[in-house]
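Shown next, in structure tokens, is the structure this report addresses.
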Amino acid sequence: MPSLATLLVSTLFVANSVLGFNYTIGVGKDEVTGLPGVGFDPSRTVVAETGDLVIFSFLQGEHQVYQTIFSAPCSPGGEFTTPLLNVSNGTVSGGPSFSYEVTSLSTPLYFYDAAGVNCQQGAVFCVNTNENLANQSCSAFKAAALAIGASEGVTTSVRTASAAVPTNSSSTITSSPTATANAVTTSSASAASTTSKTGGAGRTVSGVVSGVVAGVLGVVGIAVML
């Protein structure tokens, strides 16, 4: 019979391979102050594996996430979008969440907050960009968004609120990255819980893993008793 350690390692390997990782991104969160405001927190991330999920967790205020391309900040240019939502004031965690599955590691991804003039104030988010390339970097993408705002007379002042630093959302729900109609929202009361997997900011793995491990322990316990 395999040892307990072997069973646990095998179970975690399989579970992680199937479930992937979640990268939780605050929408409507100032990444400098950690408070509700304009932007994404973090505004850029590096996804390690295909099948991993980017979870857009909405904070208070009006938000709508659109996918786009590098050359067209603040304009729809991709398959993913969320509904336009006005999230209740005081929501700093556990708000509506939407997920995007990363299917390629070689293509940078670009998103922005289309609500109001958030994008023109620099509310953009990037995945797997090369910051050494001027025609790909997230910093250049954000600068282009701000330039659009400047040309339209939009102020770049950041709106923040006096609130405790929010934690990562405890609720997520998966929606299709290829169909707007399938982008759905949920409250923390009805969503699947996630638990921290690593020390990395916003990177979580589904709590199902713990359930699988518990099941293995139960089976091992029964086997030992027999």
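Quick note on the numbering used here: the sequence shown kicks off at 517 and runs consecutively.
Glycine included, each C-beta is placed from N, C-alpha and C at the ideal position.
1) If we call anything under 8 Å between Cβ atoms a contact, is Ala661 one with Tyr628?
2) Taking buried to mean at least 16 other C-beta atoms within 10 Å of its own C-beta, is Val548 buried or exposed?
3) Tell me which same chain residues have a C-beta within less than 6 Å of the C-beta of Ala705, skipping the five on either side of it?
4) Answer yes if the region 649-663 comes into contact with the region 599-619, meaning at least three C-beta pairs across the two stretches below 8 Å, and no otherwise.
5) Which of the three DSSP states is assigned to Ile585 in this structure?
6) What did DSSP end up calling Phe574 once you bin it into helix, strand or coil?
7) Val570: which of Ser559, Val670, Ala631 sits nearest, CA to CA?
8) Do you know how far the Cα of Gly610 is from the Cα of Leu601?
9) Name the DSSP beta bridge partners of Ser604, please?
10) In the DSSP output, which residue or residues are listed as bridge partners for Ser615?
11) Give the straight-line distance between the Cα atoms of Pro612 and Gln583, rounded to the nearest whole angstrom.
12) Mind checking which residues open and close the alpha helix (DSSP H) that includes Phe657?
13) Based on the DSSP secondary-structure assignment, which residues constitute the bridge partners of Pro552?
14) Taking C-alpha atoms, which residue in Leu575, Gly632, Pro592 lies nearest to Ser604?
15) Check whether the region 628-643 touches the region 579-594, counting contact only when three or more Cβ pairs, one atom from each stretch, lie closer than 8 Å.
Here's the rundown:
1) yes
2) exposed
3) Residue placement at Ala705 cannot be trusted, given a pLDDT of 28 that sits under 50; the coordinates are not used to answer.
4) no
5) Of the three classes helix, strand and coil, the one that applies to Ile585 here is coil, per DSSP.
6) strand
7) Ser559
8) 14 Å
9) None, per the DSSP bridge assignment.
10) Ile571
11) 18 Å
12) 654-667
13) Lys545
14) Leu575
15) yes
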